[in-house]
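J.: Input: one structure, supplied below.
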Amino acid sequence: MEIKNYSINEHAQLTAYLQSTYPDQELPAILIVPGGSMTHIPIESSEKTALRFNALGFQAFVLRYTFLNEQQPLLPQPILDLAAAVIMVKMHREEWRLNNQLTLLGFSAGGLIVSLYNDYWDSTWLTNQLGTHSAILKPSNVILGYPVIDLDLGFPNDVDTLHQWTNDPEFYSASHHVTDTNVPTFLWATMDDPLITVQNTINYSLALHAHQIPHEVHLFQHGPHGMTIANSLAAKPTEPDHADPHVAHWIDLASEWLQFLT
Numbered sequence: 001m002e003i004k005n006y007s008i009n010e011h012a013q014l015t016a017y018l019q020s021t022y023p024d025q026e027l028p029a030i031l032i033v034p035g036g037s038m039t040h041i042p043i044e045s046s047e048k049t050a051l052r053f054n055a056l057g058f059q060a061f062v063l064r065y066t067f068l069n070e071q072q073p074l075l076p077q078p079i080l081d082l083a084a085a086v087i088m089v090k091m092h093r094e095e096w097r098l099n100n101q102l103t104l105l106g107f108s109a110g111g112l113i114v115s116l117y118n119d120y121w122d123s124t125w126l127t128n129q130l131g132t133h134s135a136i137l138k139p140s141n142v143i144l145g146y147p148v149i150d151l152d153l154g155f156p157n158d159v160d161t162l163h164q165w166t167n168d169p170e171f172y173s174a175s176h177h178v179t180d181t182n183v184p185t186f187l188w189a190t191m192d193d194p195l196i197t198v199q200n201t202i203n204y205s206l207a208l209h210a211h212q213i214p215h216e217v218h219l220f221q222h223g224p225h226g227m228t229i230a231n232s233l234a235a236k237p238t239e240p241d242h243a244d245p246h247v248a249h250w251i252d253l254a255s256e257w258l259q260f261l262t
């Protein structure tokens, strides 16, 4: 196992969790975009999520994207950071022993970044900003955990913070911009999430359904916000309710779903 950091730009960084492979063995990649309200990322749970996917047979990557204190309005910079990370992963496919499967996994605010990327990966504005073609930007599929989707659903919960995120909330409300080119998507959330209403997940599912995008949705009845992989390793000692063996099934369900797609 090697853990390496790669600079994307002045603020963004990609951390690679690369497991050893047999000769001629290639593994799928998963690129994790953590939450953190666009102000930080939770290092501990992000690392444990990467290692959990290593154990499932992935080469795992964690994106540290640009934060609010580094640029305002913030959007679309984190989307551009993610696009650059996708390009980096694809360009290092041989060195990092990767096959052609690249999954994007976004939690909470990171779910907004990933869902918008799912909407916009082949858009003219994004390819023009990056000076590249859409084929290299396309992910294989997407996983969203308790994502922020639409900016009119109560998060951010104050006007000043929303303006720090963007001057154009409609453009960055992901359920409004699903197209026929969105990739297969797995979504999960808890029904009583106190911070990010489950309506975000429902709205995105309805938009995907309207465009006949293959997707799967799991809504667990109970659970606090920010559970990530929902086991005792990822949960803070002060937040034991973030470990729930029932909710933790999402990762096996997502893994089975990915196997079904391939």
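Residue numbers for the sequence shown follow UniProt numbering, so the first one is 1 and each next one is one higher. Where is the CB? At the ideal position from N, CA and C, for every residue including glycine. Since the model is a prediction, treat every value here as computed from it, not as a measurement.
#1: Please work out which residues of its chain come closer than 7 Å, Cβ to Cβ, to Gln25, disregarding the five sequence neighbours upstream and downstream, and give them in chain order.
#2: Where DSSP assigns a beta bridge to Lys4, which residues make up the other side?
#3: Tell me which same chain residues have a C-beta within less than 8 Å of the C-beta of His73, skipping the five on either side of it?
#4: With a 10 Å radius around its C-beta and 16 neighbouring C-beta atoms as the bar for buried, classify Met38 as buried or exposed.
#5: Would you decide whether Ala29 is buried or exposed? Buried here means 16 or more other CB atoms lie within 10 Å of its CB.
#6: Measure the CB-CB distance between Leu75 and Tyr172 and report whether it falls below 8 Å.
#7: Who are Arg64's beta bridge partners in DSSP?
#8: Let me know if Leu253 comes out buried or exposed under the rule of 16 or more other beta-carbons within 10 Å of its beta-carbon.
#9: Could you name the residues that DSSP lists as bridge partners for Thr190?
#10: Could you tell me how far apart the beta carbons of Phe67 and Ile32 are, in whole angstroms, since I believe they sit closer than 8 Å?
#11: Note the first and the last residue of the continuous alpha helix (DSSP H) segment covering Asn203.
#12: Alpha carbon to alpha carbon, how far is His242 from Gln221? Give it in angstroms, no decimals.
#13: Figure out for me which residue from Asp152, Val86, Tyr22 and Gly36 has the closest Cα to the Cα of Thr15.
#14: Contact defined as beta carbons within less than 8 Å: I believe Pro78 pairs with Ile41. What is the distance between those atoms, to the nearest angstrom?
#15: Please list, in chain order, all residues of the same chain as Tyr117 whose beta carbon is under 6 Å from its beta carbon, the five residues on each side excluded.
#16: Which of helix, strand or coil does DSSP assign to Gly110?
#17: Rounded to whole angstroms, how far is the Cβ of Asn200 from the Cβ of Ile149, which I believe are closer than 8 Å?
#18: Tell me the residue span of the beta strand (DSSP E) that contains Asn141.
#19: Could you have a look at Gln72 and say whether DSSP puts it in helix, strand or coil?
#20: Less than 7 Å between C-beta atoms, sequence neighbours within five positions excluded: which residues of the same chain meet that for Ile251?
#21: Please report the distance separating the alpha-carbon of Gly110 from that of Leu63.
#22: Beta-carbon separation of Leu187 and Tyr204 under 8 Å?
#23: In this structure, how does DSSP classify His215 when only helix, strand and coil are distinguished?
#24: Under 8 Å between the Cβ atoms of Pro194 and His215?
#25: Secondary structure at Asn182, three-state DSSP: helix, strand or coil?
#26: Any idea which residues DSSP pairs Leu102 with across the strands?
#27: May I have the straight-line CA-CA distance separating Leu130 from Met88, to the nearest angstrom?
#28: Does the distance from the C-beta atom of Ile202 to that of Pro184 stay below 8 Å?
T.: This is what the structure holds:
#1: Arg97
#2: Ala16
#3: Looking at the sequence shown, residue 73 is not His but Pro. Only His163, Gln164, Trp165, Thr166 and Asn167 meet the Cβ criterion.
#4: buried
#5: buried
#6: yes
#7: Gln13
#8: exposed
#9: Phe220
#10: Phe67 to Ile32, Cβ: 16 Å. No contact.
#11: Gln199 to Ala210
#12: 14 Å
#13: Val86
#14: In fact, because the Cβ distance is near 11 Å, the residues do not count as touching under 8 Å.
#15: Ile79 and Leu82
#16: helix
#17: 4 Å
#18: Asn141 to Gly145
#19: coil
#20: Arg52 and Ile229
#21: 9 Å
#22: yes
#23: strand
#24: no
#25: coil
#26: Ala29
#27: 13 Å
#28: no
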